[in-house]
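Undergrad: Numbering (my numbering), first residue to last: 50 to 485. C-beta: ideal position from N, C-alpha, C; glycine also.
Printed below as a string of structure tokens:
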């Protein structure tokens, strides 16, 4: 089906230097690709004539831009939202999160995934990188809901034998869907032995998959890894050959200058999760130092029990504010660059070539969002990029297209009965908390 967004403010995220960031015009979609990006009313009319029966959206007062990319989350942890707050990380994990997860079933995880994906779609997230359990069970969920995903099969030493067959099954299930990738996701270098880290790498190499892990999230992790291996987490992982262009490292807070150089040299994608890091008091990632070194920095939300939502507009704003505060430099991570972390950079982290995703250009994959600018907090529009980054909210998103398919229209998610979903989530959480 063809789609035409008319009379829109278009933010392609392709401008360089002092070139204008936006223009007034039209964006056309044919199949799963963007087929038209123009300021010409004549070109729009020709596209309309060539595609009888297309869906046309009048976007006066609205903005068309690339969908957002969330490069690190645990979507199914929506079931644990506000389960335990204001607690130190290790206590939080050992006393609350991991016991809850031990009682979850694969169906519970798929239900939590559904809630998480719905929340992300409504907030303009068209692609996400997940790291959790039972990802094989979640392939069908993300295919059905229409989002683009990289599902990382999370494992520890304690469950590696159980997870490896799930990876193989997930690869098989996702083979027919271009929107869904599978990845290996060893939890961290302090919870997974070198032998099992390498076991995951071998399986990733076998199928050409990405590998993701938590890196240098806390001082405790840094201490444990140094006591065990006499190295930083980055040095340890690099020595095992785990760092490369298909590696996504979440957090990367407590990293040395040498670590940063290694991350940049290996082409590792860093997922910066500022709100989670602040809430758990993990520290502040040196984003500006990493960017200056040439590292690929992106943005993720982390899970909803350490954030506690999946609002990427909030996350981008927090990333920008936090770097300004931490560096004492109001120019640090300006709005345009912050937004790039959540669009084009995120797409690269997921393995897409420059210009293929995370931009509005002819030939790119049609992952687009429409943002309603007719909101008090978004007026006046002196600078639309600044408004998006410093004022935008998930609830400003009106329409979402993923891979050329309309998945959100008028803030309704296609094919989802929200009251039934909420009731199912409440029942599952009550059962898990009761130990049944």
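Applying the criterion that 16 or more other CB atoms from any shown protein chain within 10 Å of the CB defines a buried residue, is residue 109 buried or exposed?
TA: Sequence index remark: in the chain shown, residue 109 carries index 60 (1-based). Per the 10 Å Cβ criterion, exposed.
Undergrad: Look up residue 115 in the DSSP assignment and say whether it is helix, strand or coil.
TA: Stepping through the chain shown from its first residue, residue 115 is reached at position 66. In the structure shown, residue 115 sits in a strand (DSSP, three-state: E or B).
Undergrad: Just the Cα atoms here: how many angstroms apart are residue 157 and residue 186?
TA: In the chain shown, counting from the first residue as 1, residue 157 sits at position 108. In the chain shown, counting from the first residue as 1, residue 186 sits at position 137. Whole-angstrom Cα-Cα distance: 10 Å.
Undergrad: Report the residue from 131, 98 and 50 whose alpha carbon sits nearest the alpha carbon of residue 325.
TA: As a first step, residue 325 is located in the chain shown; it is residue number 276 there, counting from the start. Closest option to residue 325, Cα to Cα, is 131.
Undergrad: Assuming residue 254 is part of the alpha helix (DSSP H), what are its boundary residues?
TA: Residue numbering aside, residue 254 sits at position 205 when the chain shown is read from its first letter. Element bounds for residue 254: 243–256.
Undergrad: Drop a sphere of 10 angstroms on the beta-carbon of residue 467, count the other beta-carbons inside from all chains shown, and report buried for 16 or more, exposed for fewer.
TA: Counted from its first residue, the chain shown places residue 467 at position 418. The residue is exposed, with fewer than 16 neighbouring Cβ atoms inside 10 Å.
Undergrad: Does the separation of the CB atoms of residue 398 and residue 405 fall below 9 Å?
TA: Working through the chain shown from its first residue, we reach residue 398 at position 349. Working through the chain shown from its first residue, we reach residue 405 at position 356. Taking 9 Å as the Cβ cut-off, residue 398 and residue 405 do not qualify as a contacting pair.
Undergrad: Checking 9 Å against the spacing of the C-beta atoms, do residue 323 and residue 334 come in under that value?
TA: In the chain shown, the residue the question calls residue 323 occupies position 274. In the chain shown, the residue the question calls residue 334 occupies position 285. Contact flag set, yes.
Undergrad: Report the start-end ranges of each beta strand (DSSP E) in the region 58–89 that is 3 residues or longer and not cut off at the edges.
TA: Listed in chain order, they are 72–79 and 82–87.
Undergrad: Could you give the DSSP three-state label for residue 230: helix, strand or coil?
TA: Taking the chain shown and counting its residues from 1, the one referred to as residue 230 is at position 181. If DSSP states are grouped into helix, strand and coil, residue 230 belongs with the strands.
Undergrad: Using a Cβ-Cβ cut-off of 7 Å (strictly less than) and excluding sequence neighbours within five positions of residue 488, which residues of its own chain qualify?
TA: One cannot answer for residue 488 here, as it falls past the ends of the chain, which runs 50 to 485.
Undergrad: Buried or exposed for residue 223, going by 16 or more other Cβ atoms inside 10 Å?
TA: The residue you call residue 223 lines up with position 174 of the chain shown. Label assigned to residue 223: buried.
Undergrad: Per the DSSP calculation, residue 235 is bridged to which residue(s)?
TA: Stepping through the chain shown from its first residue, residue 235 is reached at position 186. In the DSSP output, where bridge partners are listed per residue, residue 235 has 204.
Undergrad: State the CB to CB distance for the pair residue 289 and residue 247, rounded to an integer number of angstroms; the pair is presumed to be in contact (CB under 8 Å).
TA: Translated into positions along the chain shown, residue 289 becomes position 240. Translated into positions along the chain shown, residue 247 becomes position 198. Confirmed, about 6 Å.
Undergrad: My output table needs one value for residue 456: the three-state DSSP class, helix, strand or coil.
TA: The residue labelled residue 456 in the question sits at position 407 within the chain shown. Reduced to three states, the DSSP call for residue 456 is strand.
Undergrad: Which ranges does the beta strand (DSSP E) cover as unbroken runs of at least 3 residues, wholly within the region 153–185, from first to last along the chain?
TA: Whole beta strand (DSSP E) segments, 3+ residues: 174–181.
Undergrad: Could you give the DSSP three-state label for residue 285: helix, strand or coil?
TA: Taking the first residue of the chain shown as position 1, residue 285 is located at position 236. In this structure, residue 285 counts as helix in the three-state DSSP scheme.
Undergrad: Can residue 54 and residue 118 be called in contact, C-beta distance under 9 Å?
TA: Sequence index remark: in the chain shown, residue 54 carries index 5 (1-based). Sequence index remark: in the chain shown, residue 118 carries index 69 (1-based). Going by C-beta atoms, residue 54 is not nearer than 9 Å to residue 118.
Undergrad: Using a Cβ-Cβ cut-off of 7 Å (strictly less than) and excluding sequence neighbours within five positions of residue 153, which residues of its own chain qualify?
TA: Taking the first residue of the chain shown as 1, we reach residue 153 at position 104. If we look at residue 153 and ignore the five residues flanking it on each side, its Cβ neighbours are 481.
Undergrad: Compute the Euclidean distance between the alpha carbons of residue 136 and residue 104, then round it to the nearest angstrom.
TA: Walking along the chain shown from the start, residue 136 turns up at place 87. Walking along the chain shown from the start, residue 104 turns up at place 55. Cα-Cα distance, rounded: 49 Å.
Undergrad: Would you report the Cα separation of residue 97 and residue 338, rounded to the nearest angstrom?
TA: Numbered from its first residue, the chain shown carries residue 97 at position 48. Numbered from its first residue, the chain shown carries residue 338 at position 289. The alpha-carbon atoms of residue 97 and residue 338 are separated by roughly 47 Å.
Undergrad: Note the first and the last residue of the continuous alpha helix (DSSP H) segment covering residue 395.
TA: Indexing the chain shown from 1 puts residue 395 at position 346. Unbroken alpha helix (DSSP H) run through residue 395: 393–398.
Undergrad: Who pairs with residue 53 in a beta bridge, going by DSSP?
TA: Position 4 of the chain shown, counted from the start, is the residue given in the question as residue 53. Paired residues: 77 and 105.
Undergrad: Helix, strand or coil: how does DSSP classify residue 269 here?
TA: Your numbering for residue 269 matches position 220 in the chain shown. Here residue 269 sits in helix by DSSP.
Undergrad: In chain order, what residues of the same chain have a beta carbon less than 8 Å from the beta carbon of residue 250, not counting five sequence neighbours either side?
TA: Taking the chain shown and counting its residues from 1, one reaches residue 250 at position 201. The residues are 233, 260, 289, 290 and 291.
Undergrad: Ignore the nearest five residues each way along the sequence and tell me which others in residue 78's own chain have a CB closer than 6 Å to its CB.
TA: By 1-based counting over the chain shown, the position of residue 78 is 29. For residue 78, where only same-chain residues beyond five positions count, the Cβ hits under 6 Å are 52, 415 and 453.
Undergrad: Please check the pair residue 422 and residue 430, which I expect to be a contact at CB under 8 Å, by giving their CB distance rounded to whole angstroms.
TA: Translated into the one-based positions of the chain shown, residue 422 becomes position 373. Translated into the one-based positions of the chain shown, residue 430 becomes position 381. Yes, residue 422 and residue 430 are in contact; Cβ-Cβ is about 6 Å, under 8 Å.
Undergrad: Is DSSP giving residue 132 helix, strand or coil here?
TA: Residue 132 sits at position 83 when you count from the first residue of the chain shown. If DSSP states are grouped into helix, strand and coil, residue 132 belongs with coil.
Undergrad: Taking 9 Å as the cut-off, decide whether the C-beta atoms of residue 191 and residue 202 are in contact.
TA: The residue you call residue 191 lines up with position 142 of the chain shown. The residue you call residue 202 lines up with position 153 of the chain shown. Going by C-beta atoms, residue 191 is not nearer than 9 Å to residue 202.
Undergrad: Span of the beta strand (DSSP E) holding residue 309?
TA: Along the chain shown, read from residue 1 onward, the residue named residue 309 stands at position 260. Looking at the DSSP string, residue 309 is not in any beta strand (DSSP E); the run it does join, the alpha helix (DSSP H), is 306–315.
Undergrad: Would residue 238 be called buried (16 or more neighbouring beta carbons within 10 Å of its own) or exposed?
TA: Reading the chain shown from its first residue, position 189 is the one you call residue 238. Buried is the call here.
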